[in-house]
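Residue numbers (the working numbering): 625 to 723. Yeah, the Cβ is synthetic: ideal placement off N, Cα and C, and Gly gets one too. Just so we're clear, the structure is a prediction, and the values are computed from it rather than from any experiment. Notes to accompany the following structure.
Given below as structure tokens:
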């Protein structure tokens, strides 16, 4: 058994679990309840695979979850705030996005 992904966000961990299981990789989650317990005994949720030989395929499939976005933001020329690419105007100052 090997841990292949960890995060405090249950949605992201379960998304990763679904990605792997859709490709036939057997998985399980550790610390699912501990991660939601507040600040006492806080633990990140961990996604584990049951077959060690699947680790490379699992890492390849999950690479997109851990890689930083490259062109997913634009910086406002007015206030210099970073905005998601989906915004047509700056969320902070309402300046229009560059073309």
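Boundaries (first-last residue) of the beta strand (DSSP E) holding residue 630: 626-631
Rounded separation between residue 714 and residue 720 - CA only: 6 angstroms
Bridge-paired residues (DSSP) for residue 685: Its beta-bridge partners do not exist; DSSP assigns none.
Expected contact under 8 angstroms - CB spacing of residue 649 and residue 681 to nearest Å: 7 angstroms
Reduced DSSP secondary structure (H/G/I, E/B, other) of residue 702: coil
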